[in-house]
Amino acid sequence: MRPGPFMRWPRAADAVLAGVLFGLTLFFTTGPDDSWVLRDLGDVPLWVVLLFAVGSGALYWRRHAPVVVLAVVLAAWALTLGSGHADLGGHALFALYALGRYGSVERWGHVGVDVALVVLVLDGVTGDVPWSGVGFGVVIFFAVWYVGRRLRLRAERALLEERELRERERRIVTEERSRIARELHDVVAHRVSLMTVQAGAAKTVASADPEAAARAMGAVEEAGRQALDELRHLLGVLRPSAAPGDTEPQPGLADLPALVARMREAGLDVDLDIDGVTPGLPARVELSAYRIVQESLTNVVKHAGPGARTGVRLTTEGRDLVVEVRDDGSGATSLPGAGHGIVGMRERAQLLGGSLDVGPRPDGGFAARARLPLDGGAA
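Take -2 as the starting number for the sequence shown in our numbering and just add one per residue.
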């Protein structure tokens, strides 16, 4: 919803409000049966006009100093009591709303309402207003302040929830980055170990078989190039101490059939289709693809139930690996929200320079589609 002028141009809106209220107060007054009649300006003393101007002008600062503004308005109103020109009650309504909406100290809110009600009662007594009218005014004054207060509390609660959400997402991203760094560390360590073995073999056969030694050194060069490529991606990602049990080899695309088989054993009706994906992709790309499929299937079991028909498809489009997991939504109890799993999958894709799109399908069910650059460049 588009914000109104009071939100888009607050200072200009408050200036207009102050000017309009001053004009209405100066030129109009209440007549018989609560009607509005033109005021005879010749009968208005200069000091009353000044009080009207002060009470109206104070409303310009109602967002930034609501307690002071209410005090000024109530003081100006109180000074006009008994003069026949005590017409600043409407100003007090705006000041009370501002106190509830923008006041940060709860104690001053209650004090301001109490003082405003006292001035209102005195105005009713000095102006011969029926007690029913005074009681109605008391209800209106309190309701206006209370509405402003509720809006402020709701805005503060929404801001707090937004901060907590950002902090939770930041924590999830940090945890996912740490996990990715740990996995890539294992991959790089494997590459370096392979280089060491091949270099040793080349040294052993160098004098007896130079061609074999050259081939071994070529393999060392290729493994070193791959290790450096992985290290570039690893830079900037903090790696905490490995947790116990994190020494197993990291999975890749070759492990997807086993993952799908485990899901089938758990009762999930899932099909796997790998079309046009050549072997030998960068390890970080295979890791991310595997984890995205794993988390997506876990979401299917959690939210759609094991009876949902699910399709996992991996294809290549240009220089991208496209990973898509779809379910038909049968037996669904809820749709996945922006929880830990989806935030983690999106972080994996973005760290490779790719993207992740998740959401409900038009014909029912849910879909997750990740696009991972095959070169695995950092975003």
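Glycine included, C-beta positions come from ideal geometry on N, C-alpha and C.
Assigned with DSSP and collapsed to three states, proline 248 falls in coil, not helix or strand. In this structure, arginine 366 sits near valine 319, with a CB-CB distance shorter than 8 angstroms. Taking the Cα of alanine 346 as reference, the smallest distance to any Cα among Asp372, Asp325, Asp360 and Asp324 is reached at Asp372. In the DSSP assignment, the residues bridged to phenylalanine 25 are Leu35. Secondary structure note for glycine 351: it is in no alpha helix (DSSP H), with a DSSP letter that is neither H nor E.
Taking a C-beta distance under 8 angstroms as the contact criterion, alanine 95 and arginine 36 do not qualify as a contact pair.
A Cβ-Cβ contact shorter than 8 angstroms links valine 340 with isoleucine 169.
Here arginine 281 is not bridged, per DSSP, to any residue. Threonine 193 counts as exposed, since fewer than 16 other C-beta atoms from the protein chains shown sit within 10 angstroms of its C-beta.
Our two residues, leucine 48 and glycine 132, have alpha carbons roughly 26 angstroms apart in a direct line.
Nearest neighbour of tyrosine 99 by Cα position, chosen from Asp360, Pro63 and Leu85, turns out to be Pro63. In this structure, tryptophan 74 lies near alanine 89, with their beta-carbon atoms less than 8 angstroms apart.
Look at the beta carbons and you see the segment 253 to 262 touching the segment 271 to 291: at least three pairs across the two are nearer than 8 angstroms.
Under the three-state reduction of DSSP output, valine 320 falls in the strand class. Between proline 370 and the set Pro7, Gly362, Val355 and Thr312, the nearest pair of CA atoms involves Thr312. For proline 359, there is no enclosing alpha helix (DSSP H), as DSSP gives it neither H nor E. Its Cα nearest to that of valine 309, the residue Leu294 stands out among Leu294, Ala92 and Asp360. In the three-state reduction of the DSSP assignment, arginine 60 falls in the coil class. DSSP places glycine 86 in the uninterrupted alpha helix (DSSP H) bounded by 86 to 99. Secondary structure of aspartate 206 (DSSP, three-state): coil. By the neighbour-count definition (other C-beta atoms within 10 Å, threshold 16), alanine 251 is an exposed residue. A straight-line Cα-Cα distance of about 23 angstroms links valine 70 and tryptophan 6. The residue from Gln247, Gly315 and Val46 with its alpha-carbon nearest to that of arginine 176 is Gln247. Sequence-distant partners of arginine 323 (beyond 5 residues in either direction) whose C-beta falls short of 6 angstroms from its own C-beta, in its chain, are Gly308 and Ala364. At least 8 angstroms separates the beta-carbon of tryptophan 142 from that of glycine 86. With respect to leucine 114, valine 135 sits close: the two C-beta atoms are nearer than 8 angstroms.
Considering only Arg368, Gly356, Gly350 and Glu344, the residue with the shortest C-alpha distance to glutamate 173 is Glu344. Judged by DSSP in its simplified three-state form, aspartate 325 adopts coil rather than helix or strand.
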